[in-house]
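So the protein lines, in turn, are chains A and B. Under this note's numbering, the first residue of the first sequence carries the number 1, and numbering increases by one thereafter. Under this note's numbering, the first residue of the second sequence carries the number 1001, and numbering increases by one thereafter. Accompanying notes for the structure given below.
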Amino acid sequence: MDNLELLIVAPVFSMQLLIDGLLVGSIFALAAYGMALVWGVMNIINIAQGEFVILGGYVTFVLAQYGMHPVLAIPFSALTLYVLGLLVYRIVIVRIVDRDLFISILATFGISILLQQVMNQIFTADVQTVESGLGTWFLFDDMVTVNQVKVLACLIALVVGAVLMVFLKTSRTGQAIRATAQNARAARILGIDTDKVYATTYALNAAICGAAGSLVVMTWVIQPFIGLAYTVRSFMIVIIAGLGNVFGVVASGMMLGVTENFAGFLLGAEFQTAFIFSLLVVILVWRSWRLRRKRQVLR
Amino acid sequence: MIHRYIKWGVLIVLALGAPVLMPAIKTQLAMLMLMITFALTWDIMGGQMGYNSFGNIVFFGVGMYVTAVIQRDMFFTAEEYETMAGALGAIDGTDYLTGLVIGLAASIVVCVVLAAILGAGILKLRGHYFAICTLGLGIAAAEIAGGIDYIGAGSGLVTPTFPNEYLGDRGYFFYYYFLVLAVVAFLVLSWLYRGQFGLAINAIRDDEDKAEAMGIHTTRYKTMAWCISAFFLALAGGAMGNLVGFIDPSEVAFAGATYGVWMVLMAILGGKGTIWGPVIGAAVFHIMQELFWTYLFGWQRVALGALIIAIVVFFPEGIMGFVRARWPELLGHKVDHQTPESRIVP
């Protein structure tokens, strides 16, 4: 807690943490948006979410090795992950869509272990990042630094989110997805091919994660085994914001980014991961305690 | 009747004689017993009560650390421990056993109390929320243990060397320890499942709200079930630390990626919600793993992921479920062959 004094002496540092947190939080929100989509439409909690994010990062990393600018690589990451998502849906998810939730959790957990170990075999466990070649802004007499790449990533995340929202609202496929989310049986009766909708939804989620992963590798680092942290972050954001609440997702994503940055600074970097996972436990227990007083349970 | 006794006799002789017959793999056999304990204790919550936990490994790790820390602090000062890091020796048999017994007793107390405290908050969660919450709990525990210097932080903790000259070979010692643990766990659990406890937790699995409405103290039974898991896992963890000799926070103690997943997988493979299922699942999984794992050269964890998917998607009823559907008579179900659709009458 030595850093607490530093924050009190020089409050401008908290400005730094705040800005970094807000910017990185928008990427968390993007991944969480995908999770909420799959959860809402298919009633599946996708534990492999984080691995999709990291895999998207690796696609960008590989393309950057061949000299492509990481921002231009984002569509390729998304496309690769879209195909992978379709594949995973056809092989595994299609068989568990109507089964009970624990089976889907365990099966996607298996996918997550599989992907993370495959990445470990191919890319080794080294930490990787991609240079975007963008500069830094200095604010408040050079006390606060803002990486332009983080601002760019935040903007891209918000734009992707907005495009998705418009897509779901107006396009024919988007309407089918929303109809299936409301009532899959009724949608089937009205002639919507729900199997196709599920496949599209799952693949779309994977593509969103792929884009988020590209942003992660530009602004931060990736490593095969940190995927689960992204899954847990997405999950936390979704349970705080609720399903189908886009602004809630963005707000709680940014809140999580800020909280995490402050915690990492105050507790020390070695406890940052521990903080994320402990926060999950605390949030769940707190929410169920609040509901318990109204004689309800978290469903 | 005599048939039955022969069956049990063969099983007992096999269990007692296995390490003598196959001394080269006695540590593996000890691990097999540990795996059976894992699967059995997971099944209390996961199979019988319908609360699928990914976090039971927490009690295993806490038990391991508590035992090791007590053993360390009873016989060594901090400086001594620093200077001979990696090669703790010079404990005689009595001291070792005293340390181990006190350590295990303390770890039981700590783990059961911890289970009660955690349970008060976490066991109110239902279904998938519970599963994900416990998943977070397991990883948080590993990360926190990796940051505390008193228990060796990320570089791990060395347990006292086993005094071979006083207590004989440590492979035999721990094999029989884990054998007794697995057998006691099996007997205690099958006794519990037969009684009120079993009925209550099965009622919770089937419909928790109805069970509560019928007057079952669901929270009390849920906490009890978790405490029983914690009790056996504390005993398993404390001894496992001594068998391995070195405690790494995320690879040995809170090994969510290996033991934590395996215990779920073994119980499901065998057939959750039965008493023999976890035992069979653990045996099949462990033997399979020992036979094939070494030939996979680093791809074994990839194979583990594929195996989880395969078992969960294609074989969720497990071996016991398969046998029950195929040959119901074997498990004591009566089949009425007279009626057109032969229905299983329990």
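By construction, the Cβ of each residue, glycine as well, lies at the ideal position given by its N, Cα and C atoms.
Spatial distance of residue i from residue j (CA atoms)
| i | j | result |
| --- | --- | --- |
| B:Ala-1018 | B:Glu-1290 | 16 Å |
| A:Phe-275 | B:Ala-1153 | 16 Å |
| B:Gly-1086 | A:Leu-284 | With a pLDDT of 49 at B:Gly-1086, under the threshold of 50, the modelled position of this residue cannot be trusted, and the question is left open. |
| B:Ile-1108 | B:Thr-1274 | 26 Å |
| B:Ala-1236 | B:Arg-1170 | 15 Å |
| A:Tyr-58 | A:Leu-164 | 23 Å |
| B:Val-1302 | A:Ala-107 | 14 Å |
| B:Glu-1143 | A:Glu-260 | 15 Å |
| B:Met-1064 | B:Gly-1241 | 5 Å |
| B:Leu-1137 | B:Phe-1054 | 8 Å |
| B:Pro-1023 | A:Leu-84 | 47 Å |
| B:Ala-1140 | B:Gly-1061 | 12 Å |
| A:Gly-242 | B:Thr-1094 | 59 Å |
| B:Val-1184 | B:Lys-1272 | 19 Å |
| B:Arg-1326 | B:Cys-1133 | 37 Å |
| B:Tyr-1172 | B:Ile-1002 | 31 Å |
| A:Val-20 | A:Val-221 | One point to set straight first is that residue 20 of chain A is Asp, not Val, in the sequence displayed. Those two C-alpha atoms are separated by around 15 Å. |
| B:Leu-1125 | A:Leu-134 | 46 Å |
| A:Val-258 | B:Ala-1106 | 40 Å |
| A:Ile-239 | B:Leu-1014 | 51 Å |
| A:Val-281 | A:Arg-287 | 10 Å |
| A:Phe-28 | A:Leu-79 | 20 Å |
| A:Asn-3 | B:His-1286 | 48 Å |
| B:Asn-1052 | B:Ile-1044 | 10 Å |
| B:Pro-1160 | B:Phe-1292 | 32 Å |
| B:Lys-1026 | A:Met-119 | 35 Å |
| B:Leu-1145 | B:Pro-1249 | Inspection of the sequence shows that residue 1145 of chain B is occupied by Ala rather than by Leu. Rounded to the nearest angstrom, the two C-alpha atoms are 6 Å apart. |
| B:Glu-1329 | A:Ala-263 | 59 Å |
CB of residue i within 8 Å of CB of residue j, strictly
| i | j | result |
| --- | --- | --- |
| A:Thr-194 | A:Thr-173 | no |
| B:Ala-983 | B:Cys-1227 | Here chain B has residues from 1001 to 1346 only, and residue 983 of chain B is not among them. |
| A:Ala-32 | A:Val-249 | yes |
| B:Ala-1230 | B:Val-1112 | yes |
| B:Leu-1331 | B:Leu-1189 | no |
| B:Val-1058 | B:Val-1110 | no |
| B:Gln-1071 | B:Gly-1046 | no |
| A:Val-12 | A:Met-143 | yes |
| B:Tyr-1175 | B:Leu-1307 | no |
| A:Val-151 | A:Thr-136 | no |
| A:Val-24 | A:Tyr-230 | no |
| A:Gly-56 | A:Gly-210 | yes |
| A:Gly-34 | A:Ile-237 | no |
| B:Ile-1319 | B:Leu-1265 | no |
| A:Ala-203 | A:Leu-30 | no |
| B:Leu-1243 | B:Asn-1056 | no |
| A:Thr-200 | A:Val-38 | no |
| B:Ala-1211 | B:Thr-1219 | no |
| B:Leu-1296 | B:Thr-1223 | no |
Beta bridge counterpart(s) of residue i as assigned by DSSP
| i | result |
| --- | --- |
| A:Val-144 | A:Leu-139 |
| B:Val-1158 | B:Phe-1246 |
| A:Gln-128 | A:Ile-222 |
Whole-Å CB distance - residue i paired with residue j, under 8 Å assumed
| i | j | result |
| --- | --- | --- |
| A:Ile-47 | A:Ser-112 | 5 Å |
| B:Val-1284 | B:Leu-1269 | 6 Å |
| A:Gly-227 | A:Gln-116 | 6 Å |
| A:Leu-190 | A:Ile-177 | Wrong, their Cβ atoms sit about 14 Å apart, outside the cutoff. |
| B:Phe-1038 | B:Ala-1239 | With 8 Å as the limit, B:Phe-1038 and B:Ala-1239 do not qualify as a contact, their Cβ atoms being about 13 Å apart. |
| B:Ile-1309 | A:Val-232 | 21 Å between Cβ atoms; not a contact. |
| B:Ala-992 | B:Gly-1260 | Any property of residue 992 of chain B remains undetermined from this structure, which presents chain B solely from 1001 to 1346. |
| A:Gln-128 | A:Phe-61 | 5 Å |
| A:Phe-102 | B:Ala-1257 | In fact, because the Cβ distance is near 19 Å, the residues do not count as touching under 8 Å. |
| B:Ile-1204 | B:Met-1049 | 5 Å |
| B:Ile-1247 | B:Ala-1253 | 5 Å |
| A:Leu-22 | A:Met-254 | 5 Å |
| A:Ile-8 | B:His-1128 | Going by Cβ atoms, the distance from A:Ile-8 to B:His-1128 rounds to 42 Å, so no, they are not a contact pair. |
Anything in the region 261-281 of chain A with a Cβ closer than 9 Å to a Cβ of chain B? List those residues in chain order, please.
If you check each beta-carbon in the region 261-281 of chain A against every beta-carbon of chain B, the ones closer than 9 Å belong to Leu-267, Gly-268, Glu-270, Phe-271, Gln-272, Thr-273, Ala-274, Phe-275, Ile-276, Phe-277, Ser-278, Leu-279, Leu-280, Val-281.
*Which residues, in order along the region 1303-1322 of chain B, keep a beta-carbon less than 7 Å from a beta-carbon of chain A?*
Flagged, chain order: Leu-1304, Gly-1305, Ala-1306, Ile-1308, Ile-1309, Val-1312, Val-1313, Pro-1316.
**Item:** Near-chain B residues of the region 82-98 of chain A - C-beta to any C-beta below 8 Å
**Value:** Here the close residues are Val-92, Arg-95, Ile-96.
For the region 121-153 of chain A, enumerate the residues whose C-beta is nearer than 8 Å to any C-beta of chain B, in chain order.
-> Here the close residues are Gln-121.
Counting only Cβ-Cβ distances shorter than 7 Å, please list the residues of the region 1118-1132 of chain B near chain A, keeping chain order. Within the region 1118-1132 of chain B, the residues whose Cβ lies closer than 7 Å to some Cβ of chain A are Gly-1121, Ile-1122, Lys-1124, Leu-1125, Arg-1126, Gly-1127, His-1128, Tyr-1129, Ala-1131, Ile-1132, listed in chain order.
For the region 1096-1115 of chain B, list every residue whose C-beta sits within 8 Å of some C-beta in chain A, in sequence order.
Listed in chain order, the positions of the region 1096-1115 of chain B with a beta carbon within less than 8 Å of a beta carbon of chain A would be empty, since no residue qualifies.
*asked:* Short of 7 Å Cβ to Cβ, which residues in the region 1268-1281 of chain B face chain A?
replied: Those residues of the region 1268-1281 of chain B that come within reach of chain A (Cβ to Cβ, closer than 7 Å) do not exist; the list is empty.
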